[in-house]
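2 protein chains.
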Amino acid sequence: MNAGPATGRPSTKERIVTAGAELFRRQGYTGTGLKQIVAAADAPFGSVYHFFPGGKEQLGAEVVRTSGAAYGRLFTAAMEAAPDPVTGVRDFFAGAARTLVETGYADACPIATLALEVASTNEPLRQATAEVFTGWITLGTAAFAAAGIGARPARELTIVLLAALEGAFVLARALRSTEPLEAAGESVAARASALLGSPDAGRG
Amino acid sequence: MNAGPATGRPSTKERIVTAGAELFRRQGYTGTGLKQIVAAADAPFGSVYHFFPGGKEQLGAEVVRTSGAAYGRLFTAAMEAAPDPVTGVRDFFAGAARTLVETGYADACPIATLALEVASTNEPLRQATAEVFTGWITLGTAAFAAAGIGARPARELTIVLLAALEGAFVLARALRSTEPLEAAGESVAARASALLGSPDAGRG
DNA sequence: GTCTATATCTCGATAGAC
DNA sequence: GTCTATCGAGATATAGAC
């Protein structure tokens, strides 16, 4: 029932979700054990099944939803802080690159590794990742539409943005280089600029 | 020593690598057991350690290299079969979408799931994936350069292509939709077309 | 509710018969 | 070189004391 106080140590459940999110993101779902999660969360093993009777799968679903929503807010914040959508896109990719370098190329997309692992093996978790991606598409489409791009090209631009970002993360983590993020970010910014600069294309 | 005859049943080693490639691609590296691999390959368990003394990690590295090279040849073949690079890009994305649907959204990139899993957890395998991606970048850069695009924009276009493809795979498998591949493919084709259509941009 | 101990299973890896 | 049996470790999950 306790949603956690505004200050002080987070609740046991919150610590488990946070630790799970970090470990799933870096090591994947099957590559992370529940024992490792409770150790990182400084929580007793039984707490996992107390808060998540559905076990690892239920914890995974909650982690996907929680970190997916947080990452969506990060995108929205970047777009709202920027003077225009093109700058917003550039800032978002630049911020992602900065985080990647600062974490030793560990922290990229919070759910991508898990998403690929479960896509063909765990239907409930696959659905959780699909809901997060769908939410991001809705979010981005709304942001670009608010900037004057038509609904259909705004959706297509968002999907291209997400694909370029996710793929750049794959390449960047493997190559240990930010070059893919820079190239992908420029590519998406250019496309956004074209859609904003030519209202006819933006309506197409 | 036996490299395998031109016809007949593939060698035990070949069957293990093939089965490993399919399972790692669909379920990931940590999510696939050696016992599952030898069962799929119809091989005895001990054969894994006979052919791969380094165990699972050595098998993983060989799978990454083998399937990475095969996928590179697939890209080259698509580009060579097409009348121009823009058509080649469209055909390649369309073929990827077709394969994805035919396999129930299982077979996308042969190494992406493993690449994300090992990027922060297994340095030898991370290097193997990096070598494959580097090889693909070299391959694509050469193909676009041969079509008349300058070396630097050809490299950037290749990286954008790979990022868009990999990210579209992530979204497509999670959403069970080919929309991301279509949007990403069109986006990359448009960029390739722009670089080919304006030699000045192509030289920049 | 919190936490410990344990049951059951599967993992990667090895030893050794044939 | 092929194949089986088994090892110890670690996985998820559960039972039950406190």
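For the protein sequence lines, the chains are A and B, in the order given.
The numbers in my numbering rise by one with no breaks, and the one at position 35 of the first sequence is 41.
The numbers in my numbering rise by one with no breaks, and the one at position 74 of the second sequence is 80.
Virtual Cβ for every residue (Gly too), placed ideally from N, Cα, C.
Inspect the CB distances between the region 39-46 of chain A and the region 23-31 of chain A and report whether three or more fall short of 8 Å.
Pairwise C-beta distances place the region 39-46 of chain A in contact with the region 23-31 of chain A, as three or more of them are shorter than 8 Å.
Residue 175(B), enclosing alpha helix (DSSP H) - first and last residue:
Unbroken alpha helix (DSSP H) run through residue 175(B): 157-181.
If you drop the 5 nearest sequence neighbours on each side, which residues of the same chain put their C-beta closer than 7 Å to that of residue 167(B)?
In the same chain as residue 167(B), and ignoring 5 residues on each side of it, the C-beta atoms closer than 7 Å to its own belong to 95, 146, 194, in chain order.
Which same chain residues, not among the five before or five after residue 177(A), have their C-beta less than 7 Å away from its C-beta?
Cβ within range, chain order: 186.
Is it right to say residue 51(A) is buried, meaning 16 or more other beta carbons lie within 10 angstroms of its own, or is it exposed?
It counts as exposed.
Quick check on residue 154(A): does DSSP put it in helix, strand or coil?
Here residue 154(A) sits in coil by DSSP.
To the nearest angstrom, how far is the alpha carbon of residue 196(B) from that of residue 92(B)?
Roughly 8 Å separates the two Cα atoms.
Consider the Cβ of residue 132(A): report whether some Cβ of chain B lies at a distance smaller than 8 Å.
Cβ-Cβ to chain B under 8 Å: yes for residue 132(A).
Does DSSP classify residue 199(B) as helix, strand or coil?
In the three-state reduction of the DSSP assignment, residue 199(B) falls in the helix class, which pools H, G and I.
Under 8 Å by Cβ, that's how I've got residue 172(A) and residue 172(B) pegged, so tell me the actual separation to the nearest angstrom.
Correct: roughly 7 Å between the Cβ atoms.
Backbone secondary structure at residue 117(B) - three-state DSSP
DSSP places residue 117(B) in the coil class of the three-state scheme, outside both helix and strand.
Should residue 95(A) be flagged as near chain B, meaning a C-beta pair shorter than 8 Å?
Output row for residue 95(A): interface = no.
Buried or exposed: where does residue 34(B) fall if 16 or more other Cβ atoms within 10 Å of its Cβ makes it buried?
Counting C-beta atoms within 10 angstroms of its own C-beta, residue 34(B) has 16 or more neighbours from the protein chains shown and is therefore classed as buried.
Could you tell me whether any Cβ in chain B is nearer than 8 Å to the Cβ of residue 33(A)?
Closer than 8 Å to some Cβ of chain B, the Cβ of residue 33(A) qualifies, so yes.
Using DSSP with H/G/I as helix, E/B as strand and the rest coil, what is residue 67(A)?
Three-state result, residue 67(A): helix.
Which of the three DSSP states, helix, strand or coil, is assigned to residue 8(B)?
Per-residue confidence for residue 8(B) stands at a pLDDT of 46, beneath the threshold of 50, marking its modelled position as unreliable; the derived number appears in the next sentence. If DSSP states are grouped into helix, strand and coil, residue 8(B) belongs with coil.
Just checking, does the region 155-167 of chain B make contact with the region 103-113 of chain A on the three C-beta pairs under 8 Å criterion?
Result no; under three Cβ-Cβ pairs closer than 8 Å.
Let me know if residue 162(B) comes out buried or exposed under the rule of 16 or more other beta-carbons within 10 Å of its beta-carbon.
Buried.
Along the region 168-190 of chain B, what residues have a CB closer than 7 Å to any CB found in chain A?
Contact residues of the region 168-190 of chain B toward chain A are 168, 169, 170, 171, 172, 173, 174, 176, 177, 179, 180, 181, 185, 186, 189, 190 (C-beta to C-beta distance below 7 Å).
Please work out which residues of its chain come closer than 7 Å, Cβ to Cβ, to residue 130(A), disregarding the five sequence neighbours upstream and downstream, and give them in chain order.
Here the set comprises 63, 67.
Can you look up residue 146(A) in the DSSP assignment and give me helix, strand or coil?
If DSSP states are grouped into helix, strand and coil, residue 146(A) belongs with the helices.
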